[in-house]
Structure formats: C-alpha cells, structure tokens
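This report concerns only the one structure given below.
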Amino acid sequence: MNRREHADKSITGKLSSGGIGSVVIDGQTVAIAHADKNLIDVADRAGITIPCACYRSGKSAGCCRACLVLINGRRRYACATIPTDGMTVIVSRKDLKSIRRQRIAEYRAARCTGSKGCCCPDATGCET
C-alpha cells in the first residue's frame, strides 16, 4: 500500500474509494461514502449500532425518535441527518442510551398491525 492509499484508509480498515470526507463517531473516524444517505449508513459500515426502527422498516425518517445522537453537541436524529465532513457524533452515552430505550418501547407500544394504521407514515407518504 502506498502513502496515498494509507492516508485514504479509514479506521474501519477499508479504503475510502473516493469518499467525500469523514465523521468521527464515538472517537472513531469513518469515511463518508457517496452512497451514504444518512448517519445510520455511515455508522453501519463502521460496525456502530444506532437503533433506527422506523428507518429499517421504511417509515418516515425520525418518526420512532430512537436514533437520537449528539452531533457537534446538539441532539439530532441520525436517520434524518446527512453526513457532512467534520461532524463529531456521540452515540454511546448513558443518557442517550436510556432515552433510546424508552423511545423504542414507546414506538413498539404505539405500532399497530395490519392495515389499521401505524404511529408513523410510510416513507412513501402512505399511512399503513
């Protein structure tokens, strides 16, 4: 590996292959890929888990409110945040984990089954 390739290598051990910057998640520098739609995608590639029930099930971004993180010191939803170069993201903090646990429980309790409705609209805008 030459110097340039080494410099382009993210902490995850993968070449950034034309990445568009990097973010720091819980102290780990992760390259942003062109395909990353939000911080969930960036974290997934780095093996960092951020709960995101609504995003995983195709619902509107942020409706379950479980992907709460701190970005540059401000509370934000990871599934609704486009990664930008230089962001500092905190995921693993006791208070954030507690809030996420509570919100996941609320989301699960509010979900309906079948075609009777749900607490969140589909990402397509259709209430299911």
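Residues in the sequence shown are numbered from 86 upward in steps of one, following the working numbering. Glycine included, each C-beta is placed from N, C-alpha and C at the ideal position. Remember, predicted model here, so these are calculated numbers, not experimental data.
| Item | Value |
| --- | --- |
| If you run the structure through DSSP and keep just helix, strand and coil, what is VAL176? | coil |
| Helix, strand or coil for GLU212? Go by DSSP, reduced to three states. | Note that GLU212 scores a pLDDT of 40, beneath 50, so its modelled location is shaky; the value from the coordinates is reported in the next line. GLU212 falls in the strand class under three-state DSSP. |
| For ALA131, which of helix, strand or coil comes out of DSSP? | coil |
| For ALA190, does the count of other Cβ atoms within 10 angstroms reach 16, so buried, or fall short, so exposed? | exposed |
| Going by DSSP, what residue range makes up the beta strand (DSSP E) through ARG160? | 159–162 |
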